[in-house]
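A.B. asks:
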Amino acid sequence: MTIYGVGLLAACCIVGQLLGEALGQLLGIEANVGGVGFAMILLMLSTNWLDVRKQLPAETSQGISFWSQMYIPVIIAMAATQNVSAAIKGGLLALLAGLIPTALAFAMIPLLAYFFTHQQPKQQEGGKAI
Amino acid sequence: MELLLKFLSKNGLLLAFAGTAFIILFSQFFAKNILKNKIPATALAVIIGLILAYIGGYITGGKNGIADIPAFAGFNLMGGSMLRDFTIVATAMGVNYSIMRQAGWVGFCALFVGITTTFIAGAIMAYLWGYTDVVSMTTIGAGACTYIVGPVTGAALGASSDVISLSIAAGVIKAIGVAIGTPFLAKYIGLDNPRTAMIFGGMIGTNTGVMAGLAATDPKLIPYGALTATFYTGLGCLLCPSVFYLILQHL
Chain A
3 MTIYGVGLLA
13 ACCIVGQLLG
23 EALGQLLGIE
33 ANVGGVGFAM
43 ILLMLSTNWL
53 DVRKQLPAET
63 SQGISFWSQM
73 YIPVIIAMAA
83 TQNVSAAIKG
93 GLLALLAGLI
103 PTALAFAMIP
113 LLAYFFTHQQ
123 PKQQEGGKAI
Chain B
198 MELLLKFLSK
208 NGLLLAFAGT
218 AFIILFSQFF
228 AKNILKNKIP
238 ATALAVIIGL
248 ILAYIGGYIT
258 GGKNGIADIP
268 AFAGFNLMGG
278 SMLRDFTIVA
288 TAMGVNYSIM
298 RQAGWVGFCA
308 LFVGITTTFI
318 AGAIMAYLWG
328 YTDVVSMTTI
338 GAGACTYIVG
348 PVTGAALGAS
358 SDVISLSIAA
368 GVIKAIGVAI
378 GTPFLAKYIG
388 LDNPRTAMIF
398 GGMIGTNTGV
408 MAGLAATDPK
418 LIPYGALTAT
428 FYTGLGCLLC
438 PSVFYLILQH
448 L
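So the protein sequences, as listed, match chains A and B. Just so you know, the first sequence maps onto residues 3 to 132 in our numbering. Just so you know, the second sequence maps onto residues 198 to 448 in our numbering.
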């Protein structure tokens, strides 16, 4: 049933986010550390576990894939709720402090990618095949 | 009119669904027929969203963009962190687990390199602008990471409120810049495979920007970037007010 997929997704989200909150508390900071990441790993492991045991019928996975297709619309709605006017009012320093470090980080991405692929030439081929 | 407004705000989420569908329909049409596919339709839709957010903020003076107009309050629920995280976790279904495991440590290194680089560059910008005290430099450097790390760091160190709002503005500008810029810069930085997407998520880290940017570049890469980006804000909140602040203090 579709609701099983939605329920599994929701459960993974809740457990993952709780783990992220707990990790944040443990480190003594007011932020969720990796909650979404933990939830994604939980979902991958649990769907894989069910799939191997033939317990993941198409209807159940539809309950999950529907929400993954809603991702882009949600992002657009999120863009529409950003505090854009405050960003514009922040002035030139906010603009420079927002963009220059980011441009630097962008420029370093190919360097890091190059560095790591040359560290592990074999694995890189596997990565490219996908 | 009043009846209509009341009805719309009661059905806010539905209006947000229909409104977003209309934005996407319009951007698909506009991108294909007028821009001849030079700009990805999703990128255009994100830009339209940001323009609507600016209009909303301009009219109401609030913080939540278009959602501050009562009839459009549903956008807050649809674009809020609950549904955002729910849908992003759902994308993990199609992920190649072995690639994720292989590239995991690369993404982890990218997180540290990304936060450190961004923080240092942001702090230098603040210094050059005349904010020479360590607390302000740390807060603005943290704001250059994400708009959450900035105020968290500023609050922890007792920065002044104008420096804190400056750090939020810098973080929001970063998110907007990444959301708009990524699809155009993707081919120059080799952002076309899961491994680079994981490095990208770790280096850039601002959830909003990374997710919107990857959505417009290649939706298949979303889960890989999101997996590393989700650690960025937390790690930033951990490093900026502690290690980075202490290092800056000794320089």
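The beta carbon of each residue, even a glycine, is placed where N, CA and C say it ideally should be.
Report the three-state DSSP secondary structure of residue 11 (chain A) (helix, strand or coil).
C.D. replies: Looking up residue 11 (chain A) in the first sequence gives position 9. Helix at residue 11 (chain A).
A.B. asks: Can you give the Cα-Cα distance for residue 22 (chain A) and residue 34 (chain A), rounded to whole angstroms?
C.D. replies: Counting from 1 along the first sequence, the entry for residue 22 (chain A) is found at position 20. Counting from 1 along the first sequence, the entry for residue 34 (chain A) is found at position 32. Going from the Cα of residue 22 (chain A) to the Cα of residue 34 (chain A) covers about 5 Å.
A.B. asks: How big is the Cα-Cα spacing for residue 204 (chain B) and residue 383 (chain B)?
C.D. replies: Within the second sequence, residue 204 (chain B) is the residue found at index 7, counting from 1. Within the second sequence, residue 383 (chain B) is the residue found at index 186, counting from 1. Residue 204 (chain B) and residue 383 (chain B): Cα-Cα distance of roughly 43 Å.
A.B. asks: Kindly indicate if chain B contains any beta-carbon less than 7 Å away from that of residue 6 (chain A).
C.D. replies: Locating residue 6 (chain A) in the first sequence gives position 4, counting from the first residue. Not closer than 7 Å to any Cβ of chain B, the Cβ of residue 6 (chain A) fails to qualify, so no.
A.B. asks: For the alpha helix (DSSP H) holding residue 64 (chain A), just list the boundary residues, first then last.
C.D. replies: The sequence position of residue 64 (chain A) within the first sequence is 62, counting from 1. Residue 64 (chain A) -> alpha helix (DSSP H) spans 60-71.
A.B. asks: Using three-state DSSP, classify residue 368 (chain B) as helix, strand or coil.
C.D. replies: In the second sequence, counting from the first residue as 1, residue 368 (chain B) sits at position 171. Residue state, collapsed to three classes: helix.
A.B. asks: Once you ignore the five residues that flank residue 275 (chain B) on each side, which residues in its own chain have a CB closer than 8 Å to its CB?
C.D. replies: Along the second sequence, read from residue 1 onward, the residue named residue 275 (chain B) stands at position 78. Closer than 8 Å at Cβ, skipping near neighbours: 210, 213, 214 and 217.
A.B. asks: What do you get for residue 265 (chain B), buried or exposed, if any count of 16 or more other CB atoms within 10 angstroms of its CB means buried?
C.D. replies: As a position in the second sequence, residue 265 (chain B) is number 68, starting the count at 1. Under this definition residue 265 (chain B) is a buried residue.
A.B. asks: Any beta carbon of chain B sitting closer than 7 Å to that of residue 27 (chain A)?
C.D. replies: Residue mapping note: residue 27 (chain A) aligns to position 25 of the first sequence, counting from 1. Not one chain B Cβ lies under 7 Å of residue 27 (chain A).
A.B. asks: Would you please verify whether the beta carbon of residue 359 (chain B) is less than 7 Å from any beta carbon of chain A?
C.D. replies: Here residue 359 (chain B) is taken as the residue at index 162 of the second sequence, counted from 1. No, residue 359 (chain B) does not count as interfacial toward chain A.
A.B. asks: Only counting runs of 4 or more residues, tell me where the alpha helix (DSSP H) segments fall wholly within the segment 365-423 of chain B, in order along the chain.
C.D. replies: For the segment 365-423 of chain B, whole alpha helix (DSSP H) runs of length 4 or above, ordered along the chain, are 391-401 and 404-414.
A.B. asks: Chain A beta carbons: is any one of them nearer than 7 Å to that of residue 395 (chain B)?
C.D. replies: One-based indexing of the second sequence puts residue 395 (chain B) at position 198. For residue 395 (chain B), the answer is no, since every Cβ of chain A falls outside 7 Å of its Cβ.
A.B. asks: Counting only runs of 4+ residues fully inside the segment 70-96 of chain A, write out the alpha helix (DSSP H) ranges in chain order.
C.D. replies: DSSP runs (the alpha helix (DSSP H)) wholly in the segment 70-96 of chain A: 73-81 and 86-91.
A.B. asks: Mind checking residue 151 (chain B): buried by the 16 CB within 10 Å criterion, or exposed?
C.D. replies: Summary: the structure shown does not reach residue 151 (chain B), with chain B confined to residues 198 through 448, and so no result is reported for it.
A.B. asks: Any C-beta of chain A sitting closer than 7 Å to the C-beta of residue 282 (chain B)?
C.D. replies: Position 85 of the second sequence, counting from 1, holds the residue named residue 282 (chain B). Answer yes: the Cβ-Cβ gap between residue 282 (chain B) and chain A drops below 7 Å somewhere.
A.B. asks: Tell me whether residue 132 (chain A) is buried or exposed, calling it buried when 16 or more other Cβ atoms sit within 10 Å of its Cβ.
C.D. replies: As a first step, residue 132 (chain A) must be located in the first sequence, where it is residue number 130. Bear in mind that the predicted position of residue 132 (chain A) carries a pLDDT of just 40, short of 50, making it unreliable; the figure below should be weighed with that in mind. Exposed.
A.B. asks: According to the neighbour-count rule (16 or more other Cβ atoms, all chains shown, within 10 Å of its Cβ), is residue 267 (chain B) buried or exposed?
C.D. replies: Position 70 of the second sequence, counted from the first residue, corresponds to residue 267 (chain B). Per the 10 Å Cβ criterion, exposed.
A.B. asks: From the DSSP output, in three-state form, read off residue 217 (chain B) for me.
C.D. replies: The residue labelled residue 217 (chain B) in the question sits at position 20 within the second sequence. DSSP places residue 217 (chain B) in helix when its eight states are reduced to three.
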